[in-house]
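The structure appears right after this line, and notes come after that.
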């Protein structure tokens, strides 16, 4: 197992201290695609189904 701790801080430090790493991060950012999940009709249905915990009413009656 490899633990990276707070990887976002390490990545931010690299981007601030290294021009090469900052350029790599910018190149990666340019390839990103934004996908608004709220426009996908089946997303909320799938998401809600994934949140279901069988037996949750019995185990956590105050949360029902």
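Residue numbers (the numbering used here): 28 to 91. Note that beta-carbon positions come from the ideal geometry of N, C-alpha and C, so glycine has one too.
Pair within 7 Å by beta-carbon distance, residue 42 and residue 49: yes
Residue 64 and residue 70 closer than 7 Å at C-beta: yes
Nearest-angstrom beta carbon gap, residue 37 and residue 31 [assumed within contact, 8 Å]: The pair is a contact, with the Cβ atoms about 7 Å apart (cut-off 8 Å).
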